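J.: Have a look at this one.
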Ligand SMILES: [Zn+2]
């Protein structure tokens, strides 16, 4: 079932699968579906895989372990140092 816009009627109608006259494969991932609106006007719908949203190809996912391992080691080293530095130096214990 498709939502077809008829420019003559200036409204959208549902186009059932049994009301489809032609389906043409224009190019890779682009289909042209032809039919008629309830008033008999011809409507054409462009659809196909090219119109479905896909994941952004510029997104490469999480950083590889080779990059994150040194950072996590540094984080662990800093955490260790921070815990050691929380102890007050000896002269401060007098107060
Ligand atoms: Zn129409």
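In UniProt numbering, the protein residues as written are 1 to 95.
Where a beta carbon is used, it is the ideal one built from N, C-alpha and C, also for glycine.
Only a predicted model underlies this, so the values are computations on that prediction, with no experimental measurement involved.
1. Using alpha carbons as the reference points, say which of 51, 72, 82, 5 lies closest to residue 29.
2. Consider the C-beta atom of residue 44 and the heavy atoms of ligand 1; say whether any pair is separated by less than 6 Å.
3. Helix, strand or coil for residue 48? Go by DSSP, reduced to three states.
4. Rounded to whole angstroms, what's the CA-CA distance from residue 83 to residue 59? Just pull it up for me.
5. Could you pull the start and end residues of the beta strand (DSSP E) that residue 36 belongs to?
6. Less than 8 Å between the CB atoms is what I'm expecting for residue 43 and residue 15, so what's the real figure, rounded?
7. Based on the DSSP secondary-structure assignment, which residues constitute the bridge partners of residue 14?
8. For ligand 1, which residues have a Cβ under 6 Å from at least one heavy atom, in chain order?
9. For residue 20, list the residues DSSP reports as bridge partners.
10. Quick one: grab the DSSP three-state call for residue 66.
T.: So, from the listed chains and residues:
1. Comparing Cα positions, the closest option is 51.
2. Because no heavy atom of ligand 1 lies under 6 Å away, the Cβ of residue 44 does not count as near it: no.
3. In the structure shown, the three-state DSSP call for residue 48 is coil.
4. Each residue's Cα considered, the two are about 37 Å apart.
5. Residue range 30-36 is occupied by the beta strand (DSSP E) that includes residue 36.
6. About 7 Å; that satisfies the 8 Å criterion.
7. Its beta-bridge partners are 3.
8. Going along the chain, the residues that qualify are 6, 8, 9, 37, 39, 41.
9. Beta-bridge pairing links residue 20 to 35.
10. In this structure, residue 66 counts as helix in the three-state DSSP scheme.
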